[in-house]
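Asks:
Number of protein chains: 2
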Amino acid sequence: MQTDKRLKYHDLVEELRDKILSGHIRPGEKLPSENELAAAHAISRQTVRKALQILENEGFVYAEHGRGTFCSDRTGVHKSSHNIAVVTTYLSDYIFPRVIQGIDQVLTEKGYSILLKNTRNSRAMEAKIIEELLQKDIDGLIIEPSKSQIYCKHLNLYAMLDKYQIPYVFIQGCYSHMEKKPQILLDDRKGGFLITEYLISLGHRDIVGIFKADDMQGQERHKGYIQALQQAGIAYDPDKVIWYHTEDRKSHPYEQIRRMAKKREKLFFDAVVAYNDEVAISVIQALEAENLSCPKDVSVTGYDNSYLAASCKVPLTTIAHPQEKLGSMAAKLLLSLMEKEEVGQTKIIIEPELVIRDSCQ
Amino acid sequence: MQTDKRLKYHDLVEELRDKILSGHIRPGEKLPSENELAAAHAISRQTVRKALQILENEGFVYAEHGRGTFCSDRTGVHKSSHNIAVVTTYLSDYIFPRVIQGIDQVLTEKGYSILLKNTRNSRAMEAKIIEELLQKDIDGLIIEPSKSQIYCKHLNLYAMLDKYQIPYVFIQGCYSHMEKKPQILLDDRKGGFLITEYLISLGHRDIVGIFKADDMQGQERHKGYIQALQQAGIAYDPDKVIWYHTEDRKSHPYEQIRRMAKKREKLFFDAVVAYNDEVAISVIQALEAENLSCPKDVSVTGYDNSYLAASCKVPLTTIAHPQEKLGSMAAKLLLSLMEKEEVGQTKIIIEPELVIRDSCQ
DNA sequence: TAGACTAAGATGTACGTACAAGTATAAGAG
DNA sequence: CTCTTATACTTGTACGTACATCTTAGTCTA
């Protein structure tokens, strides 16, 4: 096989490209004029022009009529689509709009756009989306993991992201074995602890817990719930815990609570720690259907402090979700990763806060 | 100003590009040889080569050594990023999440992604965003106009979209002079009429109307409100109408209603038609602050049938907003425009529906 | 000192030639 | 009939010339 050195214009392209990539020619710097290059390499000006045109198409240089040819500012590596993918599980009208709003505010300011995708909480879908995103040239990725507690077979896709130097930030959760990756999450265990502890401080001892089984948040809030019970010396009773999956979020907790409430004569709970505000509202509805009232008969707590919590029938005592702040923090972290700054803290945990309203007594 | 026709290679580029775009040269078809083109246009072969190289860079043609130059399979137009921009006014957690969800469902199925942007209801921002989107190569655009009742100076940007053959669909509103463009909207006048007519049928005659001043929906709902009053022979009283701007949506309606409610001895209204559910809730809060109750003292109606309407303190009688359906219809319409199908109906108006709950009597 | 002019030097357009190298086809040899 | 070969035609590389157009900087003039 012969070397490529036989093509003069190709030679020049490689030489100049190397000089740019190695830093010998810096962004904005003027290249030698076409005639100078021609003379220096003992080739014709037309051949030099051909080489420069190739470099221009590749984005390494740009020419200005009458002034000269210059090295591009952005070292031509990738064109920078200025798109950043935001992958969430659901596009529900629950808390995500605000998270995305927070992300958007930060990104728009810096000239980036959001490419929105959602996985419907399916890992297969998530893998498909990341593959797709690797094709489009995105500058970064903010992702909420799907069904995060289950072991994830598609970790190699994240290795691909690393390889292509596409920075990513996890929000709301993170796969095991990736705990050191940049991420912003809430201390869900502490949140579960705080809200349970609050109920205990009001005198409740028979506290039902409702948790989502298919993500890390559910697991963590459950742990916090147990921790608070233990601290108060209350025995943990598995029969008082209801687990549900995302698909059944509208029916399962409702039916379970109704079933439990039916045994009124031996009502064995006086408080409910719900996984989130949506579930809390459905719990209250279930109680009312059995002629029980909240907070008079049963105290109920939510989680996330969504707009539902403030405006629903019984304003909910809940745990504050930072929403916009979570989004803007994630966007800022991603931007600093993209600029390859030395980022000190890449794992940020937001402390939960108790918001007291009317649903407990 | 001189025409572009002076540059020979540029001429040839345009001629060939037009032939390809118009279908005179079909994908895979062989173009005339460089010498033939040179002879036919009485220009040199080198000039022909320059033109062909530009077309090759743009993806319209490809050359095969020794065989010829051929028209690209993918008609070269744009590389098809498979991104579709969705531009809304706000990313509120109000009704947009569901609209976007509807769009996303349809687009994901066809392998497209959403590029999300929001204008904060500013026309300047909208112009900036469209300019930016013209740079990125999007395949289509779904847009909710900003401050749509005000005359829009940036219509030329839509002409640019036409020129680049990027199809777009308006949702929720449309600029004047663009009534014939593809759009999906709600019959807001009829909605305003229906809800006002309903209040009249309950016996109300002193009905306050609250409308947003800075978009078409507000204007239309206001017209429907007047229409219903006229039909019932009730005189229109401008003092009973409150106009507000988006920026003041949280304070202005609330304060106005409180002010009106303060004159209790001569309470001159017994019903309120609110612009949307959010405002309706704030109206109810204002009434309660003055010790008036809804629906006992004053009937209040919402609009949009958001999740707020069902779960708030006093479940709202409101007008159904199709949400997901609006989104999916817009996405489907856009897709059919993109495939250049002959689309029969490009202006779709969705009929409003009354949803009766507890906030009126 | 401010402004106009000029010249030098940069890229851009256009044409020309010559030869290299790949492809398809038709003619000819076995 | 099959394989080889010659040939004509294609695109690719390389060089050369000439002039147009734009920028910059220096010079001259009012």
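Taken in sequence, the protein lines are chains Z and U.
Numbered per my numbering, the first sequence spans residues 1 to 361.
Numbered per my numbering, the second sequence spans residues 362 to 722.
Beta carbons are placed, not taken as given, at the ideal position from N, Cα and C, and that holds for glycine.
So who's on the other strand from C294 (chain Z), going by DSSP bridges?
Replies: For the purposes of this step, residue 294 (chain Z) is taken as residue 294 along the first sequence, with counting starting at 1. DSSP, once it has assigned bridges, lists no residue as partnering C294 (chain Z).
Asks: Can you grab the Cα-Cα spacing for the pair L292 (chain Z) / Q285 (chain Z), in whole Å?
Replies: One-based indexing of the first sequence puts residue 292 (chain Z) at position 292. One-based indexing of the first sequence puts residue 285 (chain Z) at position 285. When rounded, the distance between both Cα atoms is 9 Å.
Asks: Can you find a CB in chain U that lies within less than 9 Å of the CB of T69 (chain Z)?
Replies: Sequence index remark: in the first sequence, residue 69 (chain Z) carries index 69 (1-based). False, the Cβ-Cβ gap to chain U never drops below 9 Å.
Asks: Report the CB separation of I356 (chain Z) from L186 (chain Z) in whole angstroms; it is logged as a contact under 8 Å.
Replies: The residue you call residue 356 (chain Z) lines up with position 356 of the first sequence. The residue you call residue 186 (chain Z) lines up with position 186 of the first sequence. The Cβ separation is near 19 Å, so there is no contact.
Asks: Among the residues of its own chain, which have a CB less than 6 Å from the CB of G437 (chain U), if the five just before and after it don't count?
Replies: Translated into the one-based positions of the second sequence, residue 437 (chain U) becomes position 76. The pLDDT assigned to G437 (chain U) is 43, lower than 50, so where the model puts this residue is not dependable; a value taken from the coordinates is nonetheless given after this. Excluding sequence neighbours, G437 (chain U) sits near G420, F421.
Asks: Could you check which residue in Z:Y168, Z:L134, Z:V99, Z:A274 has the C-alpha nearest to that of T301 (chain Z)?
Replies: As a position in the first sequence, residue 301 (chain Z) is number 301, starting the count at 1. Out of Z:Y168, Z:L134, Z:V99, Z:A274, Z:A274 has the C-alpha closest to the C-alpha of T301 (chain Z).
Asks: Flag this pair as touching only if the region 175-193 of chain Z and the region 216-228 of chain Z have three or more C-beta atom pairs under 8 Å; answer yes or no.
Replies: Cβ pair count under 8 Å is three or more, so yes.
Asks: Just tell me which of U:R387, U:K411, U:G463, U:L392 has its CA closest to the CA of M690 (chain U).
Replies: Against the second sequence, residue 690 (chain U) aligns to sequence position 329. Checked all of U:R387, U:K411, U:G463, U:L392; the closest Cα to M690 (chain U) is U:G463.
Asks: Return no unless some Cβ of chain Z is closer than 9 Å to the Cβ of F421 (chain U).
Replies: Counting from one through the second sequence, the residue named residue 421 (chain U) turns up at place 60. F421 (chain U) does not count as touching chain Z.
Asks: Cα separation between M1 (chain Z) and E425 (chain U)?
Replies: Here residue 1 (chain Z) corresponds to residue number 1 of the first sequence, with the count starting at 1. Here residue 425 (chain U) corresponds to residue number 64 of the second sequence, with the count starting at 1. Any reading at M1 (chain Z) must be qualified, since the residue scores a pLDDT of 35, below 50, and its modelled position is unreliable; no value is offered.
Asks: Going along the chain, which residues of its own chain have a beta-carbon closer than 7 Å to the beta-carbon of H204 (chain Z), five neighbours each way excluded?
Replies: As a first step, residue 204 (chain Z) must be located in the first sequence, where it is residue number 204. Here the set comprises D270, A271, S299.
Asks: Would you mind reading off the limits of the alpha helix (DSSP H) that contains G585 (chain U)?
Replies: Within the second sequence, the letter at position 224 stands for residue 585 (chain U). Unbroken alpha helix (DSSP H) run through G585 (chain U): 577-592.
Asks: Please list the partners that L669 (chain U) has in chain Z, where partner means a Cβ-to-Cβ separation under 7 Å.
Replies: Here residue 669 (chain U) refers to the residue found at position 308 of the second sequence. Here the neighbours are S311.
Asks: Does the beta-carbon of R459 (chain U) have 16 or more other beta-carbons within 10 angstroms, so that it is buried, or is it exposed?
Replies: What you label residue 459 (chain U) is simply residue 98 of the second sequence in a count that begins at 1. Buried.
Asks: Please confirm whether E651 (chain U) and I680 (chain U) have their CB atoms less than 9 Å apart.
Replies: In the second sequence, counting from the first residue as 1, residue 651 (chain U) sits at position 290. In the second sequence, counting from the first residue as 1, residue 680 (chain U) sits at position 319. No, Cβ-Cβ distance for E651 (chain U) and I680 (chain U) is not below 9 Å.
Asks: Express the C-alpha separation of E247 (chain Z) and G209 (chain Z) in angstroms, rounding to a whole number.
Replies: Stepping through the first sequence from its first residue, residue 209 (chain Z) is reached at position 209. Stepping through the first sequence from its first residue, residue 247 (chain Z) is reached at position 247. Going by the C-alpha atoms only, they are around 19 Å apart.
Asks: Can you tell me whether D73 (chain Z) is buried or exposed? The criterion is at least 16 other CB atoms within 10 Å of its CB, across all chains shown.
Replies: As a working mapping, residue 73 (chain Z) is identified with position 73 in the first sequence. Under this definition D73 (chain Z) is an exposed residue.
Asks: By alpha-carbon positions, which one of U:V448, U:A596, U:N637 ends up nearest to P614 (chain U)?
Replies: Here residue 614 (chain U) is taken as the residue at index 253 of the second sequence, counted from 1. The residue with the shortest Cα to Cα distance from P614 (chain U) is U:N637.
Asks: Assign K391 (chain U) to buried or exposed, taking buried as 16 or more other Cβ atoms, counted over all protein chains shown, within 10 Å of its Cβ.
Replies: Here residue 391 (chain U) is taken as the residue at index 30 of the second sequence, counted from 1. Its Cβ having fewer than 16 others within 10 Å, K391 (chain U) is exposed.
Asks: With a 10 Å radius around its C-beta and 16 neighbouring C-beta atoms as the bar for buried, classify E470 (chain U) as buried or exposed.
Replies: By one-based count along the second sequence, residue 470 (chain U) stands at place 109. Exposed, because fewer than 16 other Cβ atoms sit within 10 Å of the Cβ of E470 (chain U).
Asks: Can you find at least 3 beta carbon pairs, one from the region 161-170 of chain Z and one from the region 235-246 of chain Z, that sit closer than 8 Å?
Replies: No: fewer than three Cβ pairs fall under 8 Å.
Asks: Any idea which residues DSSP pairs Q183 (chain Z) with across the strands?
Replies: Looking up residue 183 (chain Z) in the first sequence gives position 183. Beta-bridge pairing links Q183 (chain Z) to Z:F170, Z:K347.
Asks: Could you tell me which residues DSSP puts in a beta bridge with G570 (chain U)?
Replies: The residue given as residue 570 (chain U) occupies position 209 in the second sequence. Bridge partners of G570 (chain U): U:V602, U:V634.
Asks: Using the Cβ count rule (16 or more neighbours within 10 Å means buried), how would you classify E487 (chain U)?
Replies: Here the question's residue 487 (chain U) lines up with position 126 in the second sequence. Buried: at least 16 other Cβ atoms inside 10 Å.
Asks: Between which residues of its own chain and A232 (chain Z) is the CB-CB distance below 6 Å, once the five residues before and five after are set aside?
Replies: On the first sequence, position 232 is the one that residue 232 (chain Z) refers to. Counting only Cβ-Cβ distances below 6 Å, and skipping sequence neighbours, we find I200.
Asks: With a threshold of 8 Å on Cβ separation, who are the neighbours of I138 (chain Z) within its own chain once the five nearest residues in sequence on each side are excluded?
Replies: As a position in the first sequence, residue 138 (chain Z) is number 138, starting the count at 1. S81, N83, I84, A85, L115, I166.
Asks: With burial defined as no fewer than 16 other Cβ atoms inside 10 Å of the residue's Cβ, what is the status of N118 (chain Z): buried or exposed?
Replies: Locating residue 118 (chain Z) in the first sequence gives position 118, counting from the first residue. It is buried - the Cβ of N118 (chain Z) has at least 16 other Cβ atoms within 10 Å.
Asks: Please classify S306 (chain Z): does DSSP put it in a helix, a strand, or coil?
Replies: Indexing the first sequence from 1 puts residue 306 (chain Z) at position 306. S306 (chain Z): coil per DSSP, three-state reduction.
Asks: Nearest CA to the CA of N213 (chain Z): which residue from Z:H245, Z:E197, Z:Y168, Z:E324?
Replies: Translated into positions along the first sequence, residue 213 (chain Z) becomes position 213. The sequence as given places Ala at residue 213 (chain Z); Asn does not occur at that position. Of the listed residues, the one whose Cα sits closest to A213 (chain Z) is Z:H245.
Asks: Taking the alpha carbon of Q743 (chain U) as the point to measure from, which residue in U:S383, U:L373, U:G534 has its own alpha carbon closest?
Replies: The structure shown does not extend to residue 743 (chain U), since chain U is modelled only from 362 to 722, so the question has no answer here.
Asks: Rounded to whole angstroms, what's the CA-CA distance from D658 (chain U) to K623 (chain U)? Just pull it up for me.
Replies: As a working mapping, residue 658 (chain U) is identified with position 297 in the second sequence. As a working mapping, residue 623 (chain U) is identified with position 262 in the second sequence. Between D658 (chain U) and K623 (chain U), the C-alpha separation is close to 14 Å.
Asks: In chain Z, what lies closer than 7 Å to D719 (chain U) by C-beta?
Replies: On the second sequence, residue 719 (chain U) is found 358 positions in, with the first residue counted as 1. Ordered by position in chain Z, no residue passes the 7 Å Cβ test against D719 (chain U), which lies about 11 Å from the chain.
Asks: Counting only beta-carbon separations shorter than 9 Å, does Y9 (chain Z) have a partner in chain U?
Replies: Counting from one through the first sequence, the residue named residue 9 (chain Z) turns up at place 9. By this cut-off, Y9 (chain Z) is not an interface position.
Asks: Hey, is G437 (chain U)'s beta-carbon within less than 9 Å of any beta-carbon in chain Z?
Replies: Residue mapping note: residue 437 (chain U) aligns to position 76 of the second sequence, counting from 1. Low confidence applies to G437 (chain U): its pLDDT is 43, below 50, so where it sits in the model is not reliable, and the reading given next is rough at best. Chain Z, which has no Cβ nearer than 9 Å to the Cβ of G437 (chain U), makes this no.
Asks: Once DSSP output is grouped into helix, strand and coil, what is the label at V448 (chain U)?
Replies: Here residue 448 (chain U) refers to the residue found at position 87 of the second sequence. If DSSP states are grouped into helix, strand and coil, V448 (chain U) belongs with the strands.
Asks: L382 (chain U): which of U:S507, U:L416, U:E505 sits nearest, CA to CA?
Replies: Within the second sequence, the letter at position 21 stands for residue 382 (chain U). Ranking U:S507, U:L416, U:E505 by Cα distance to L382 (chain U) puts U:L416 first.
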